[in-house]
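Enquirer: Under the UniProt record's numbering, the residues of the sequence shown are numbered 1 to 205, in order.
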Amino acid sequence: MTTIRQDAWSTDEDLILAEVVLRHIREGSTQLAAFEEVGQRLSRTSAACGFRWNSSIRKKYESAIHLAKKQRTKLKGIHSVEEQANEQLSEKANEQASEKTIAKAQNVRVFASKQEQINQSELLEQKNTEVSHKEKTSELTMEKVLSFLSNYTKERTENVEYKKLLEENQRLRERLVKVEEEKRVMKDDYRSLLAIMDRARKLSL
């Protein structure tokens with residue numbers, strides 16, 4: 001009669017070890033963390049899990065390991081693009097707030113323009129006013145002109161920045177489309193990974 005060691009690994013335990021290690025590889029974690037997780041689940045030491053993986057299990061899952069590493073690289077790219085997209089959304093919110101500010105400034109400029117026309121008309125009607133009064137009126141008019149030029153320059157600068165934001169937004173949209181395609185490919189790769197693991201499990205039965 002054959003004696004079975006009490007610490008022997010069952011097929012299900014080998015499969016759990018393989019699944020956890022591959023998941024940690026795919027998510028960018030370490031094999032040590034995987035061994036610790038398996039050890040807690042199976043009431044074994046992480047060292048025992050590491051020995052089992054390196055001595056018996058790893059060679060059965062070489063293709064699955066390669067695929068998991070490939071998926072890890074793609075996930076890093078996806079996370080990077082998603083972070084940029086979130087930043088773009090935040091910039092868009094700030095941009096909308098800026099648009100409201102610009103609209104208010106435009107209303108102020110329209111009012112200032114009308115006021116300027118009124119002032120010019122008053123100046124024409126007051127040709128015979130005292131020289132001191134003309135100088136004061138001229139000073140007020142110059143202040144408004146300088147204010148208008150300052151606002152105009154600021155508006156042009158904001159329009160250039162707005163155009164840059166639109167271009168960056170379009171670029172990120174194109175990258176997001178590419179990421180969606182990569183996600184689809186990763187799903188196919190993941191199905192392939194599951195198929196490889198299933199074949200390996202059947203071979204070990």
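Ideal placement from N, C-alpha and C gives every residue a C-beta, glycine not left out.
1) Starting from glycine 39, follow the alpha helix (DSSP H) in both directions and report where the run begins and ends.
2) Could you work out which residue in Ile196, Met186 and Glu62 is closest to leucine 75 when comparing CA atoms only?
3) In the DSSP assignment, the alpha helix (DSSP H) including aspartate 7 goes from what residue to what residue?
4) On the DSSP letters alone, give me the boundaries of the alpha helix (DSSP H) that glycine 28 sits inside.
5) For a quick check, are the C-beta atoms of leucine 32 and serine 46 less than 8 Å apart?
6) Identify which residue in Gly28, Glu37 and Thr11 has its Cα closest to the Cα of serine 56.
7) Which of the three DSSP states is assigned to threonine 45 in this structure?
8) Does the count of Cβ pairs from the stretch 15-22 and the stretch 188-198 closer than 8 Å reach three?
9) Is aspartate 189 near glutamine 40, with beta carbons less than 8 Å apart?
10) Can you say whether leucine 193 is buried or exposed, counting buried as having 16 or more other CB atoms within 10 angstroms of its CB?
Expert: Judging by the given coordinates:
1) If you number the sequence shown from 1, residue 39 lands on position 39. Glycine 39 -> alpha helix (DSSP H) spans 31-42.
2) Within the sequence shown, the letter at position 75 stands for residue 75. Ranking the options by Cα distance to leucine 75, first place goes to Met186.
3) For the purposes of this step, residue 7 is taken as the residue at position 7 of the sequence shown. Aspartate 7 -> no alpha helix (DSSP H), and no H or E assigned at all.
4) Taking the first residue of the sequence shown as position 1, residue 28 is located at position 28. Per DSSP, glycine 28 belongs to no alpha helix (DSSP H) and is neither H nor E.
5) Here the question's residue 32 lines up with position 32 in the sequence shown. Here the question's residue 46 lines up with position 46 in the sequence shown. Yes, the pair counts as a contact, with Cβ atoms nearer than the cut-off.
6) Numbered from its first residue, the sequence shown carries residue 56 at position 56. The alpha carbon of serine 56 has as its nearest neighbour, out of Gly28, Glu37 and Thr11, the alpha carbon of Thr11.
7) If you number the sequence shown from 1, residue 45 lands on position 45. Reduced to three states, the DSSP call for threonine 45 is coil.
8) The answer is yes - the stretch 188-198 touches the stretch 15-22, with three or more Cβ pairs under 8 Å.
9) On the sequence shown, position 189 is the one that residue 189 refers to. On the sequence shown, position 40 is the one that residue 40 refers to. If you check the CB distance, aspartate 189 and glutamine 40 do not come in under 8 Å.
10) Position 193 of the sequence shown, counted from the start, is the residue given in the question as residue 193. By the neighbour-count criterion, in which a residue is buried when 16 or more other Cβ atoms sit within 10 angstroms of its Cβ, leucine 193 is buried.
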